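Protein chains in written order, with the working numbering: chain A, 67 to 663; chain B, 124 to 223; chain C, 6 to 666.
This report refers to the structure that appears directly beneath it.
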Amino acid sequence: MSWLSDHILSLVIFLPVVGAAILFVFASWDAVLVRRWALGVSLLTLLLAVMASVLFVQERAQNTSKSDYCLVEKMNWVGGDDDTGARAVKVQYKLGVDGISLPLVVLTAFLTPLAIWGSFTGIQTRHREYYALMLLLLGAMLGVFCARDLLLFYIFFEFTLIPLYFLIGIWGGSQRQKAANMFFIYTLTGSLLTFAGVIYLGWKASICGATGHVFTFDLDELYGLASAGALSSTEQWWLFVAFFAGFAIKVPLFPFHTWLPLAHVEAPTAGSVILAAILLKLGTYGFLRLSLPMLPGATIELAPAIGMLAVIGIIYGAVAAWVQSDVKKLVAYSSVSHLGFCLLGMFCLKMAGLTGSLLYMINHGLSTGALFLIVGMIYERYHTREMSEIGGLARKMPIMAFFLIVFTMSSIGLPGLNGFVSEFLVLLGTFISATEINSKPGPLGIWYAVPAASGILLGAIYMLHMVRRVLFGPVKEPAHGFDGSAGLTQDLTKREIGILAPIALCCLFLGVYPKPVMQVMEPDLARGLNHVVWETVAEADDPETTGGLDSRRAAITDRPGERLSRPPVYDLKEPIRPTGQPSRLPSHLASANGGDE
Amino acid sequence: MAHPTSLMIIGAILFGLGATGFLTRRNMIVMFLCTEIMFQGVLVNLVGMGMMHGNLEGQVLGIFVLVIAAVEAGLGLAIVVMMYRRRGTLDAESWRQMRG
Amino acid sequence: MELKTLAIWIPLLPLIGAALVGLIGLRWLKDRSHWLVLIGVGLSLVFALLLFQQVRQDAADVDLSAASIVLYEWIDAGEGSWLNVSVRTDPLTCVMLFTVLSVSLMVVVYSVGYMRDHHGHAERGYERFFAFLGLFVFSMCMLVLAGNFLLLYLGWELVGLSSYLLIGFYYEKPSAAAAAKKAFLVNRIGDFGFGLGIFLIYLTFGTLDYAAVFSMVEAGADATGEVLSTGRITTIALLLFCGAMGKSAQLPLHVWLPDAMEGPTPVSALIHAATMVTAGVYMVARCCVIFAASPVAMWIVGSIGAATALFAATIALTQFDMKRILAYSTLSQLGYMFLGLGVGAFDSAIFHLYTHAFFKACLFLGAGSVMHAMAGEIDIRRFSGLKRGMPITYWTFLIAGLALAGFPLLSAFWSKDEIIHAALAGPMWWLGWIGLLTALLTAFYTFRMIFVAFHGEERLPKGVEHAHESGRWMTVPLMVLAVGAVFAGYVGVTLFETSGFLWLFEPEGAFHEFLAPVFAEAVAAPVAHEAEAHGSHWLMWLSAGLAAFGIYTAWFFYRRRPTIPMAIALASGSIYRLFYNKYYVDELYELALVRPLRRFGDFCHGVDRFVINGILWIVAGVPKAIGFGLKGWQQQGALQGYALGMLIGLLVIVWWVLTNA
């Protein structure tokens, strides 16, 4: 189309990066100017992201198949298309968004300006570095969601660690060094294993892909590779574990969550907001983008285990949140519980669950992000987050109380606000997972849903406990009282209302009328689920036509280094229907799937 | 016309000399010069490899590295000067802070 | 107007009022905040009456199995199977809307007077109060208008939220804050079951729309056309009933309701007596087809209802706080309604719901009027003889009290008798006798309260100089509701039947006819109580006699021989203490549920800190130990030592490459 629609994603990603660089060029800028610049750049990024979504909708409306990602931008980065015969590496700078990533891009671009705006009074030292790091972080996060090349994805994925490491390590609380180190090493350890998986996939593509002997990381080619059944169940299993290591720690899934409360407590407000709202979603997004479509066999095989961990996480996070005395830690543990829902919905492999899961990412970002902002606002006034030291703030800060209750209700899934829609869909999807309602049967079922549903009760327990301690009861303030030195008034200032009000409006809108967002997501989720996951599995597991996945893979890969004479067929339009008993499906699915013919 | 093998032998000798010098001498300037000698050994090797393959890529890379090495030499010497100013000696043994 | 337009505006008007009050109340409206909500609720009531008119006109050709009116598509449950925001406008909805909105209007009017001090200045948070009230009316309208289970759940949770906010209205009082939290959480326990029920409905029927689900239940088939098992339908019914138990405070989830009296009295009248707590009754009646298909579920509903009725009445005998007595009486009356539902008398239960709303709201508002005059004191031991100072309050309270006691010809007499009669006629006849026993207790504790508080010599709490009647804003609603308490019952009675009770009245009137299509499918199945309803007037005489006896006993105990109650209390020692301490249910919850859960939380937190982080520490310790070991002999800081190491490494690699090439 136009130049803009060809390069909009690069603009979105690199505008904040350039903005960060400019901060250092003009060394004479004072703190006020630096803040304004950072806010302006991030707002401009938001504007571009909104434009990108408009263009996306237009482009998709023109594209009749409605099945591909849009706003593609492609450039060779390392290696190229030369066909010299030597084994080469091809890494592309390839961007594109689909219905799965676009909402997350918009969420990122929406929350970061608010987080930056929220730092105006909280950050008192090293303004230039702080805001530059925030902008860098913004660019990196947007890059993760836009990347359509696995290596590019990984680079952005890892790059997000660096700004946040410094944000926590420099502007954090008293234990900031420990928290930053733990956060960095923990997540890095996991994602190095993921990197091994990434390399393996590239290598796999080089020996049996359609591209010749080229290490490729192009997601489309890797999807094609996977749907052609090139990965054996053992390979899938190991790759899944490798991806799981990186993503589950990032999510964080029980029992890999212990870095999260520490990092949250020590991080500055904006760091917590971004961490909870977006960085955790990188993990869930990774599962959704890589594990599910590329490793369907292993996904189905391991879904019960992950479902179990998710359910444990839901309950465990909730009860652990309840006994916290630090408000921020409470909210951090609530994230563990919420992200459990998110993964549960994803691995029930039902449309309802997947939609719910993706919506959950957004809704959790909004409500938990806002909760962290509010906790930060309280902290700036009273320099404490201990629930035993503050109380009855509804009297002193009625506007804050209003917002806190709104986001609490959103967080505990009150119908009419956003949290409910996603929580309901996740639980519904899990509940009907084993049945044929709405889509093919999935691996989970009612026995995952029932304990998970207790999360709606436990969530109310700890959140209302917090509300009661902080807002209700007689007024209680720490001995040193309210600190207005940063230009704060007792109740929220106009700036703070301006930060929270848009989030609250989004919460309300997504709760009352989520249809537009759902319609953006669904075609891509449905494609991912029905055409990639189920048909790949059905095709690969069909013993009569191909002798099972393992033997077919053997036929492909027993000649290492030898270029395939005929590339695997990537045609998804004519899937081979299962004719026999699928071998690796759980028994309760097998009959349902067999009856589907 | 030099043969690639001889060029590689010369490269190996240069590298070996440099490495030995680096390990045995204490004067930082000398040590630094020794690293440069190791560099040159590698460069000669590159050129020899390029000759062996019959293309110019080795020489291109050699010149490229040479430029970088020049920059790096300036930087390195500057560091040595700074270190001399700190301690008043060029003995490498006087800097033992790099303990784990 | 079209049904759809009406159905949209009925909930929306109070919401708009509430939102405006919330936005501009604090700054501009201040103590005029009530007007917007008052107008919103008033207009809503007018619209509800229009809707009623419309539905009655269409009664002949109304097709209840038709799908609900879809407003818009809300949530996609996968592959385009949208769960809609849809409304259902049938007679049951009309009855509920009328009940809810008329009581709401009265309560809003009353609150204008109540939420002020004696000088007419608005209380702190005046605008907040009315905004919450508007939110509640919106939620309740959504609840009764909902056309599918999901929207029902929305209304269900939103009334819970309004209740939470209003109970905690005096949030600075720790007891109010605790009560609000307790109410929300106990409701959530019920909602846990309710939610599971909704999921199970979707799992079974593949839809959440009332009409579709009910028609499938009637046909006895699930979504795939297979025969529906009784076990499944019983599970669904019981899970739904869990929600009803929470919201309508039935045993054992009743604990929140007495505590909820911490809220302002108009709130207790509206939410915790007349409307919200009856949502459970409404829901069971709405799902009558599901419940009727499961005898086990019906049995449980009826038994729990009867048990709650008796249980709460016994507690009410011993309490001294006027509002708490009324709260337990509400529990007891809700028990009656569930008793009615359980024996299949759905229309009678709704009839009782409808009459109960008026007289109970009147009683609560009367108690509020007393509280207002007594400067917040509500313990009946602290005052007496208010009859002279507060005549309007007294007379309206007396009328509503008579209605509650089941005094003949007043509203509850008709509705309560119908329920007891249906119970006696059915297979669970013994529930009917529990109902009769409870009726006796009801009359006794109601008049205990009236005689102690209003009769005798005038005695006032400290700081109150004289009992004064409340202002016009408060007395007018009292009178309106008292009229309702007397005459509301007559819509369910056929007049001028010479063979009837007192040669004039016959139970089962226009009200039941109007509701008949809703319950047609369900009532036919378990109990055919209608046939026997006529011509058995002995029960009416009996219950009238019981009411009179209860009132007489109360008079005898508390006016004639005031020493008797004390003597009985002393004589029955432990039983009295059991009643007075509400059967120690709260303590039981604390011991059996709250503390273990809290311990479990501590345990989890401990696992985090020691077990998981301990494992991490060990894992991280391995490289650390190796590094420490190496440091001793290698890491000496000598640059050339490092270089030598590198060179050796390089040589090893070269050697390896060369030998393996």
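Glycine is no exception: its CB is placed at the ideal position from the N, C-alpha and C atoms.
These numbers were taken from a predicted model, which means no experiment stands behind them.
Contact with chain C by residue i, beta-carbon distance below 8 Å
i         : result
Glu159(B) : no
Glu663(A) : At Glu663(A), the pLDDT of 32 sits below 50, so the modelled position is not reliable; the number obtained from the coordinates is stated separately. So, not an interface residue.
Ser257(A) : no
Arg209(B) : no
Ala196(B) : no
Leu455(A) : Rather than Leu, the amino acid found at residue 455(A) in this sequence is Glu. Judged by the 8 Å Cβ criterion, Glu455(A) is not in contact with chain C.
Arg219(B) : yes
Trp183(A) : no
Ile527(A) : yes
Met443(A) : no
Of the listed residues the options, nearest to residue i (C-alpha basis)
i         : options                                       : result
Trp87(C)  : Ile424(C), Asp214(C), His357(C) and Thr480(C) : Asp214(C)
Lys160(A) : Ile74(A), Met117(A) and Leu305(A)             : Ile74(A)
Leu170(C) : Met266(C), Thr104(C), Leu663(C) and Lys365(C) : Met266(C)
Thr496(A) : Lys156(A), Trp513(A), Ala567(A) and Val210(A) : Trp513(A)
Gly211(B) : His126(B), Gly164(B) and Asn150(B)            : Asn150(B)
Asn504(A) : Ala418(A), Glu446(A), Leu510(A) and Val533(A) : Ala418(A)
Phe186(A) : Pro568(A), Ala336(A), Pro362(A) and Ile465(A) : Ala336(A)
Pro432(C) : Gly230(C), Leu344(C) and Gln62(C)             : Leu344(C)
Leu48(C)  : Ala298(C), Phe103(C), Val306(C) and Ile455(C) : Phe103(C)
Proximal residues of chain A, C-beta to C-beta of residue i below 8 Å
i         : result
Asn618(C) : Thr324
Tyr207(C) : Leu494, Phe497, Ile498 and Ile503
Arg670(C) : No statement about residue 670(C) is possible, as the shown extent of chain C runs from 6 to 666 and does not include it.
CA-to-CA distance, residue j to residue i, given in whole angstroms
i         : j         : result
Val204(B) : Ala643(C) : 19 Å
Pro309(A) : Pro370(A) : Note on identity: in this sequence residue 309(A) is Phe, with Pro being the wrong assignment. Their Cα atoms are separated by approximately 17 Å.
Cys572(A) : Leu432(A) : 8 Å
Ile355(C) : Val46(C)  : 22 Å
Ser403(A) : Ala175(A) : 25 Å
Gly188(A) : Ala387(A) : 25 Å
Ala183(C) : His531(A) : 9 Å
His361(C) : Leu524(A) : 34 Å
Met120(C) : Gly594(A) : 58 Å
Leu157(C) : Lys462(A) : 36 Å
Gly197(B) : Ile152(B) : 12 Å
Ser94(A)  : Gly85(A)  : 15 Å
Gly181(B) : Pro628(C) : 41 Å
Phe296(C) : Arg386(C) : 44 Å
Val280(A) : Val155(A) : 5 Å
Distance cut-off 7 Å: residue i Cβ against heavy atoms of the ligand GTP
i         : result
Val441(A) : This structure simply doesn't include the ligand GTP, nor any ligand for that matter.
Cross-chain neighbours of residue i in chain B, by beta carbon under 7 Å
i         : result
Ala648(C) : Phe145 and Leu146
Proximal chain C residues relative to residue i, where beta-carbon distance stays under 7 Å
i         : result
Ala215(B) : Leu644 and Gln645
Ala201(B) : Chain C residues near Ala201(B): none, gap ~18 Å exceeds 7 Å.
Proximity test, Cβ basis, 8 Å: residue i and chain A
i         : result
Ala12(C)  : no
Ser86(C)  : yes
Cys609(C) : yes
Amino acids of chain B, ordered along the chain, whose beta-carbon sits closer than 8 Å to that of residue i
i         : result
Leu652(C) : Ala142 and Leu146
Partners in chain A for residue i, counting only beta-carbon separations shorter than 7 Å
i         : result
Phe204(C) : Leu493, Leu494, Phe497 and Ala515
Beta-carbon neighbours of residue i, restricted to chain C and to distances below 8 Å
i         : result
Ile522(A) : Arg193, Asp196, Phe197 and Gly200
Trp388(A) : Leu602, Arg603 and Gly606
Sequence ranges, alpha helix (DSSP H) only - wholly within the stretch 215-246 of chain A, length at least 4: 216-225 and 227-237
Complete runs of the beta strand (DSSP E) confined to the stretch 137-213 of chain A [at least 3 residues]: 154-163
Length-filtered (4 minimum) alpha helix (DSSP H) runs lying within the stretch 475-524 of chain A: 484-497
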